[in-house]
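Below is one structure; the comments refer to it alone.
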Amino acid sequence: MDQMTSGCGETDKLLAMICQPAEVLGYVNIPSHVRFWGIDSGIRHSIGGADYGSVRIGTFMGRKIITSMASAPLSRMLSSEKPPQQANGINYDECEDSVELLQAEASLDYLCNLSPHR
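FYI, in our numbering the residues of the sequence shown are 334 to 451.
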């Protein structure tokens, strides 16, 4: 639905829509603490054939990379035995409020709701 996003999208908002029959439901404000990642697969748009399979595989590979990168700072912070201001290169005052966000980023199950075999 790239066409709908580029034609109807608004800055700092998610486009709420039903993909079939391409009906716009409205917009959802994105909280400032929420992050999004986009991955360019380099594969032309297709919903069938080998290209589609490559994109699906790329989705799961990207999910693994994002999960790993998002959970690494959390793991370092939680594994530290030193509770002072800074341990393992992490400032606890800055990270204290980020634990829930890092845990949410590390659990990206919602990205791949479809079976990889579909």
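All C-beta atoms, glycine included, are put in the ideal place defined by N, C-alpha and C. Fair warning: this is a prediction, and the values are worked out from it, not measured in the lab.
Legend entry - Buried versus exposed, by CB contacts within 10 Å (16 or more), A403: buried
Legend entry - For M394, the nearest candidate out of D373, A405, S365 (CA to CA): D373
Legend entry - Pairwise C-alpha distance: D345 and E356: 20 Å
Legend entry - DSSP-derived helix/strand/coil call for V484: An answer regarding residue 484 cannot be provided, because it is not within the stretch 334 to 451 covered by the chain.
Inset, instruction - Drop a sphere of 10 angstroms on the beta-carbon of R451, count the other beta-carbons inside from all chains shown, and report buried for 16 or more, exposed for fewer. - result: In this predicted model, R451 has a pLDDT of only 48, less than 50, meaning its place in the structure is not dependable; the value taken from the coordinates is given anyway. Exposed, since its Cβ has fewer than 16 Cβ neighbours within 10 Å.
Inset, instruction - Tell me whether A302 sits in a helix, a strand or coil according to DSSP, three-state version. - result: No statement about residue 302 is possible, as the shown extent of the chain runs from 334 to 451 and does not include it.
Legend entry - Where I351 falls: helix, strand or coil (DSSP): strand
Legend entry - C-alpha gap between S412 and S401, whole angstroms: 16 Å
Inset, instruction - Measuring alpha carbon to alpha carbon, tell me which of Y360, S365, V388 ends up nearest A349. - result: Y360
Legend entry - One or two residues paired with G359 in a DSSP bridge: A349
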